[in-house]
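Student:
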Amino acid sequence: MWYLFNSLVSPKKFFYLSRMVTPWLTALFLLAFSYGIIGGLILAPADYLQGDGFRILYIHAPCAFLSLFIYAVMAAAAVAAIVWRLKLAFLVIRHSAPIGAGFTFLSLVTGSLWGKPMWGTWWIWDARLTSELILLFLYLGIMLLQSALAQKRSRERSVAILVLAGFVDIPIIHYSVYWWNTLHQGATIKVFSPSSIDSSMLSPLLAMIAAFLIYYAIVLFLRMGYELTALESNHHWLKEQRS
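Heads up: the sequence shown begins at 1 in full-length UniProt numbering, then just goes up one per residue.
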């Protein structure tokens, strides 16, 4: 069983699998993104309170979701890195961090743009906003730590520990609107109860979330593939792939 698991997460298997699925993921991304943008910006009706200003939701909500999702992926990779010392797990952390930082930054920027007409200010030290800002600092700290430590084994272990320590911020971000009295609204999409958004607005939003998830996978596969090409350049299987 362990041999099967180890073979599936080997650099060779990952390299071949990522190259095989990336074109299909790109096509799915274009379909989902096109549907989400057209449905959200053109076809969805205006909100009865916010008018067309609510349409920033179709960028803000997916970015906010990805900022949490990517960190959760990094935390899972950190466990695999510490327990099993999987080479791919370290690469997932390394190359997910800048993508997650980008989505977190976009979440904060679009949130400020949305909050200005709603709250009358660009920024408030609301529990949700503050914890999301802390998440951005976590991403940046992980990236800085990766570049600061020269010794590979020490760097990888230290980064994995930092990722796991910072994971406490993820439930705080999600539940902050329920634990404290915040201006930020609750969850738009709910799993176990009706969502607080009309179905005509919900479908494009789900499509945009799917598109951003696929985009993350594509960029992660490409970044990891480039590094694997450099790390495994002397291996026979990679030389065969190049020829």
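Think of the CB as a built atom: it goes at the ideal place given N, C-alpha and C, for glycine as much as any other residue. As the structure is a computational prediction, the values presented were derived from the model and not from experiment.
(1) Which whole-angstrom value is the C-beta distance of Thr22 and Ile218, which I expect to be below 8 Å?
(2) In terms of residue numbering, what span does the alpha helix (DSSP H) encompassing Leu49 cover?
(3) Output needed for Ile82: all residues of its chain with C-beta closer than 6 Å, excluding positions within five of it in sequence on either side, in chain order.
(4) Give the DSSP-derived three-state secondary structure of Arg55 in the structure shown.
(5) Compare the C-alpha of Pro117 against each of Tyr16, Phe54, Ile93 and Arg223 and name the closest.
(6) Distance, Cα to Cα, Trp114 vs Leu30?
(7) Measure the C-alpha to C-alpha separation of Asp169 and Ile134 and round it to an integer number of angstroms.
(8) If you compare alpha carbons, which of Ser96, Arg157 and Ala76 is closest to Leu136?
(9) Can you list, in chain order, the residues of its chain with a C-beta nearer than 7 Å to that of Arg94? Leave out the 5 residues immediately preceding and following it.
(10) Since Leu68 and His174 should fall inside the 8 Å C-beta cutoff, what is the C-beta to C-beta distance between them, to a whole number of angstroms?
(11) Are there 16 or more other CB atoms within 10 angstroms of the CB of Pro204, so buried, or fewer, so exposed?
(12) Runs of 4 residues minimum, wholly inside the stretch 159-232: which ones carry the alpha helix (DSSP H) assignment?
(13) At what residues does the alpha helix (DSSP H) containing Leu145 begin and finish?
(14) In angstroms with no decimal places, state the Cα-to-Cα distance between Leu138 and Trp122.
(15) I'd like the list of long-range same chain contacts for Asp47, defined as Cβ closer than 6 Å, with 5 residues on each side in sequence excluded.
(16) Rounded C-beta distance between Met143 and Ala101? I'm assuming under 8 Å.
(17) Measuring alpha carbon to alpha carbon, tell me which of Phe15, Ile37 and Ala61 ends up nearest Ile197.
(18) Does the separation of the CB atoms of Ala165 and Phe33 fall below 7 Å?
Tutor: So, to answer that:
(1) 6 Å
(2) Premise fails: Leu49 is in no alpha helix (DSSP H) and is neither H nor E.
(3) Ala160
(4) helix
(5) Phe54
(6) 26 Å
(7) 8 Å
(8) Ser96
(9) Gln146
(10) 7 Å
(11) buried
(12) 169-179 and 199-231
(13) Ala127 to Ala148
(14) 22 Å
(15) Phe54
(16) 7 Å
(17) Ala61
(18) no
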